[in-house]
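J.:
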Amino acid sequence: MGRYLIRRVLQFVPVFLGATFLIFSLVFLIPGDPIRALSGDRPMPASVQQALEARYNLDKPFWQQYYLYVAGVVQGDFGEDFRGREVTDIMRERIPVTFKLAIYAFTFEVAIGIAAGIMAGLRKGGFIDNLVRISTLIVISIPIFVLGFMAQLLIGVRWGWLPVSGLGDGFKSYILPAIVLGSTSLAYIARLTRTSLAENMRADYVRTATAKGLKRSRVVGVHALRNSMIPVITFLGVDLGGLMGGAIITEGIFNLPGLGNAVFRAVVQQEGTVVVGIVTFLVLIFLLSNLVVDVLYAVLDPRIRYE
Amino acid sequence: MATEAKESTKSSIEELEFNPHAPLLEVDDLHVEFRTRAGVVKANDGVTYSLGEGETMAIVGESGSGKTVSAQAVMGIIDSPPGYITKGAARFRGVDLLALPEDERRAFRGEKMAMIFQDALSALNPLFRVGWQIAEMYRQHRGTSKTEARKKAIELLDRVRIPAAKERVDSYPHEFSGGMRQRAMIAMALALDPEVLIADEPTTALDVTVQAQIMKLLADLQAETGMGMILITHDLAVVAEVTDRAAVMYAGRIVEQGTTKQIFRASYHPYTLGLMNSIASPEQKGTKLIPIPGSPPDLLHLPSGCPFHPRCVYAQDICSVDRPPLRDLGDNRKSACHFAEEVGTGAK
Chain L
2 MGRYLIRRVL QFVPVFLGAT FLIFSLVFLI PGDPIRALSG DRPMPASVQQ
52 ALEARYNLDK PFWQQYYLYV AGVVQGDFGE DFRGREVTDI MRERIPVTFK
102 LAIYAFTFEV AIGIAAGIMA GLRKGGFIDN LVRISTLIVI SIPIFVLGFM
152 AQLLIGVRWG WLPVSGLGDG FKSYILPAIV LGSTSLAYIA RLTRTSLAEN
202 MRADYVRTAT AKGLKRSRVV GVHALRNSMI PVITFLGVDL GGLMGGAIIT
252 EGIFNLPGLG NAVFRAVVQQ EGTVVVGIVT FLVLIFLLSN LVVDVLYAVL
302 DPRIRYE
Chain R
19 MATEAKESTK SSIEELEFNP HAPLLEVDDL HVEFRTRAGV VKANDGVTYS
69 LGEGETMAIV GESGSGKTVS AQAVMGIIDS PPGYITKGAA RFRGVDLLAL
119 PEDERRAFRG EKMAMIFQDA LSALNPLFRV GWQIAEMYRQ HRGTSKTEAR
169 KKAIELLDRV RIPAAKERVD SYPHEFSGGM RQRAMIAMAL ALDPEVLIAD
219 EPTTALDVTV QAQIMKLLAD LQAETGMGMI LITHDLAVVA EVTDRAAVMY
269 AGRIVEQGTT KQIFRASYHP YTLGLMNSIA SPEQKGTKLI PIPGSPPDLL
319 HLPSGCPFHP RCVYAQDICS VDRPPLRDLG DNRKSACHFA EEVGTGAK
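Sequence lines, in order, name chains L and R. In terms of the numbering used here, the first sequence is numbered consecutively and its last residue is 308. In terms of the numbering used here, the second sequence is numbered consecutively and its last residue is 366.
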């Protein structure tokens, strides 16, 4: 297991290089001149432009730009944006917001999704099962921005139950965005749990557990559920990574100063260093959560062993 | 709290009025049906048999004949839906199990009756250690402490002749061989000294040498404990070797019943006769095996009259009209054939 972990962590290096390179080239390929755009409609003096280009290495060829960037990152310098702010400072400020949002959404979707999936899976074809299947189908089919604006309009504006924008109310500010962000995954988790549990309830070892004279709560909770969680855990790993980066739309709708918001603004303003820095960070988070899932597999299922 | 609850369920079955003179297990006119989309399948259509202490009874039949279903109904582990017990009784020392509330029913399982299954690999939970799964019997039924339950699990593994039980107790099912897995299943079933053991094709998934070992183990354990055993199988060689009595099932009903000796000496039902003729034996060396013509019936659309008549060489007009009841032929043997006597005496 130890060697496996080391190998997996070493794999992060090429992925990191590949990801930064890809994103760096994409930003480089965006048409338009980011420096000239800084001054808007007014003309920019040639000397100012040259000085800025030199400062951000934009006057150098692509390969050199990339090399200088990576060399900086290796030394812990992620560069700065056009206003002279360190990218690491921006990230330090934004990460807690995105993390909180992701963790709340994750908790919400896991708790409700698994509970709904269990209730539906135990009585396949019953009332709760149909309710869960139909409601999750609806949630899956609605685009997240529609859901977001609807929630904002109804719950926030018309009924005034929860704040709709910004972070002024602390935890309360996160509730609505977290629900919107977690809703689609919740639907998938509920469906996965349902199918998986219903299938496992028919498994031979569940019949054995019943034949052993165990209480039904134990047959389901200990014997069937643990087996049913394996596909759900797979989904959760990918999902947690997705929640961190996929919050661009939700953060936009609810005006939360998180990473997604920052990336969006940086893309629009062609601030390469910010985009590459944040996206690379998100890629690493994604890799890390997948690694955690793979390790969880082995904990959950003794038949899986890593060398 | 939890321990108290456990003890109360155990004592609740102790308080039941068992009749020590009643048969150990008596299945009476059991009807089980499966309600599927395609229609209703009568998996058990009036099954009656009884089992005494220390006795081994075989239930023989091909797949779909309802032999497993009858055992699952007795255990109370039929998947419902789609399976429903619609009629009949299963009396344990005079107490009708089918009439008991689920809580008492559950306490019976493991405590008084246990079951082992065909494929031990899928019947054991792949995610838990074998010893833990055995210990769970003591932990949940008796509230035994963890260390004590583990000790008992090791003793049991030793009793079912698993070598190095002390080390094996912490293995997972996939680390066991097929034979060892079935031994572990047996250990789990015997944990609480049940009075009835139902073995559902316990050796079908094993290779021949291991089959013999497992059958020997079961026979030895039965002799040791004096429990009654129901052996569900389609292997007539096994039936001949270890059982006292046999019931042959076809399309949800028992078609012939008697002592194993009687049935092997002379079958009184053409289906049993067909089964006998289709097994190889050293005495018949050089002669051809005669398979039963046709294929097992479609349970959704059973043939009229006797469901075996389309495959039966004795069939007459009456057979397609009138379904023969299980008749007493005297000397404790029964057959559900209009021409039982002719079949038995070999008149044709």
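Yeah, the Cβ is synthetic: ideal placement off N, Cα and C, and Gly gets one too.
In the structure shown, what three-state DSSP assignment does residue 51 of chain L receive?
T.: Three-state result, residue 51 of chain L: helix.
J.: So residue 242 of chain L packs on residue 290 of chain L, CB below 8 Å; how close in whole Å?
T.: Confirmed, about 5 Å.
J.: Per DSSP, residue 268 of chain R is paired with what?
T.: Per DSSP, R/271.
J.: Can you say whether residue 49 of chain L is buried or exposed, counting buried as having 16 or more other CB atoms within 10 angstroms of its CB?
T.: It is exposed - the Cβ of residue 49 of chain L has fewer than 16 other Cβ atoms within 10 Å.
J.: Using DSSP's beta-bridge definition, name the partner residues of residue 345 of chain R.
T.: Its beta-bridge partners are R/353.
J.: What did DSSP end up calling residue 76 of chain R once you bin it into helix, strand or coil?
T.: Looking at residue 76 of chain R - three-state DSSP - the assignment turns out to be strand.
J.: Out of curiosity, what's the CA-to-CA distance linking residue 162 of chain L and residue 102 of chain L?
T.: Cα to Cα, the separation comes out at about 19 Å.
J.: In terms of residue numbering, what span does the beta strand (DSSP E) encompassing residue 255 of chain L cover?
T.: Looking at the DSSP string, residue 255 of chain L is not in any beta strand (DSSP E), and its letter there is neither H nor E.
J.: Under 8 Å between the Cβ atoms of residue 88 of chain L and residue 82 of chain L?
T.: Yes.
J.: Under 8 Å Cβ to Cβ from residue 117 of chain R, same chain only, skipping five residues before and after it: list those, please.
T.: 107, listed in sequence order.
J.: Going residue by residue through the stretch 185-267 of chain R, where are the continuous beta strand (DSSP E) segments of at least 3 residues, counting only ones entirely within it?
T.: With a minimum length of 3 residues, the continuous beta strand (DSSP E) runs that stay inside the stretch 185-267 of chain R are 214-218, 246-251.
J.: Looking at chain L, which residues of the stretch 144-167 of chain R have a Cβ within less than 9 Å of any of its Cβ atoms?
T.: Listed in sequence order: 144, 145, 146, 147, 151, 154, 155, 158, 159.
J.: Flag this pair as yes or no: are the beta carbons of residue 285 of chain R and residue 228 of chain R separated by less than 8 Å?
T.: No. Outside cutoff.
J.: Rounded to a whole number of angstroms, what is the C-alpha to C-alpha distance between residue 235 of chain L and residue 294 of chain L?
T.: About 6 Å.
J.: Which residue marks the beginning of the beta strand (DSSP E) containing residue 148 of chain L, and which one marks its end?
T.: Note, residue 148 of chain L: premise wrong, no beta strand (DSSP E); alpha helix (DSSP H) at 145-152.
J.: Opposite residue 170 of chain R in the DSSP bridges: which residues?
T.: In the DSSP output, where bridge partners are listed per residue, residue 170 of chain R has none listed.
J.: Should residue 7 of chain L be labelled buried (16 or more other beta-carbon atoms within 10 Å of its own) or exposed?
T.: Residue 7 of chain L comes out exposed.
J.: Go ahead and label residue 129 of chain R buried or exposed: buried means 16 or more other beta carbons lie within 10 angstroms of its beta carbon, across all protein chains shown.
T.: That one is buried.
J.: What's the call for residue 275 of chain R, buried or exposed, on a 16-neighbour Cβ count within 10 Å?
T.: Residue 275 of chain R should be labelled buried.
J.: Consider the C-beta atom of residue 117 of chain R and the heavy atoms of the ligand GDP; say whether any pair is separated by less than 7 Å.
T.: Looking for the ligand GDP in the displayed structure turns up nothing, as the structure carries no ligands at all.
J.: Nearest-angstrom Cα distance between residue 155 of chain L and residue 188 of chain L?
T.: Answer to the nearest angstrom: the Cα atoms are 21 Å apart.
J.: Residue 313 of chain R to residue 329 of chain R, Cα distance in whole Å?
T.: Approximately 8 Å between the Cα atoms of the pair.
J.: Does DSSP classify residue 66 of chain R as helix, strand or coil?
T.: The answer is strand: DSSP assigns residue 66 of chain R an E or B state.
J.: Flag residue 140 of chain R as yes if its beta-carbon sits less than 8 Å from any beta-carbon of chain L, otherwise no.
T.: Chain L contact via Cβ: present.
J.: Give me, in chain order, the residues of the same chain whose beta-carbon lies closer than 8 Å to that of residue 109 of chain L; leave out the 5 immediate sequence neighbours on both sides.
T.: Answer for residue 109 of chain L: 179, 180, 183, 187, listed in chain order.
J.: Would you verify that the beta carbon of residue 215 of chain L is, or is not, closer than 8 Å to some beta carbon of chain R?
T.: It does; some Cβ of chain R falls within 8 Å.
J.: In the structure shown, what three-state DSSP assignment does residue 36 of chain R receive?
T.: Coil.
J.: Residue 47 of chain R lies in the beta strand (DSSP E); which residues open and close that run?
T.: It spans 43-54 - the beta strand (DSSP E) in which residue 47 of chain R sits, taken as one unbroken run.
J.: Please tell me whether residue 19 of chain R has its Cβ less than 8 Å away from any Cβ of chain L.
T.: Per-residue confidence for residue 19 of chain R stands at a pLDDT of 39, beneath the threshold of 50, marking its modelled position as unreliable; the derived number appears in the next sentence. So no, residue 19 of chain R is outside the interface.
J.: If residue 95 of chain L and residue 258 of chain L are in contact, beta carbons under 8 Å, what's the gap, nearest whole angstrom?
T.: Indeed they touch by this definition, with Cβ atoms about 6 Å apart.
J.: My guess is that residue 70 of chain L and residue 277 of chain L are in contact by the Cβ rule of under 8 Å, so how many angstroms apart are they, rounded?
T.: Yes, they are in contact, since the Cβ atoms of residue 70 of chain L and residue 277 of chain L sit about 7 Å apart, within 8 Å.
J.: Give me whichever residues DSSP pairs with residue 114 of chain R in a beta bridge.
T.: R/109.
J.: Using the Cα positions of residue 72 of chain L and residue 40 of chain L, report the straight-line distance between them to the nearest angstrom.
T.: Their Cα atoms are separated by approximately 30 Å.
J.: Could you tell me the alpha carbon to alpha carbon distance between residue 196 of chain R and residue 84 of chain R, rounded to whole angstroms?
T.: Distance between the alpha carbons of residue 196 of chain R and residue 84 of chain R is about 26 Å.
J.: Strictly under 8 Å for the Cβ-Cβ distance: is residue 237 of chain R near chain L by that measure?
T.: No, no contact with chain L.
J.: Quick test of the definition: if touching needs 3 or more C-beta pairs under 8 Å, does the stretch 85-104 of chain R touch the stretch 279-295 of chain R?
T.: The stretch 85-104 of chain R vs the stretch 279-295 of chain R: no contact.
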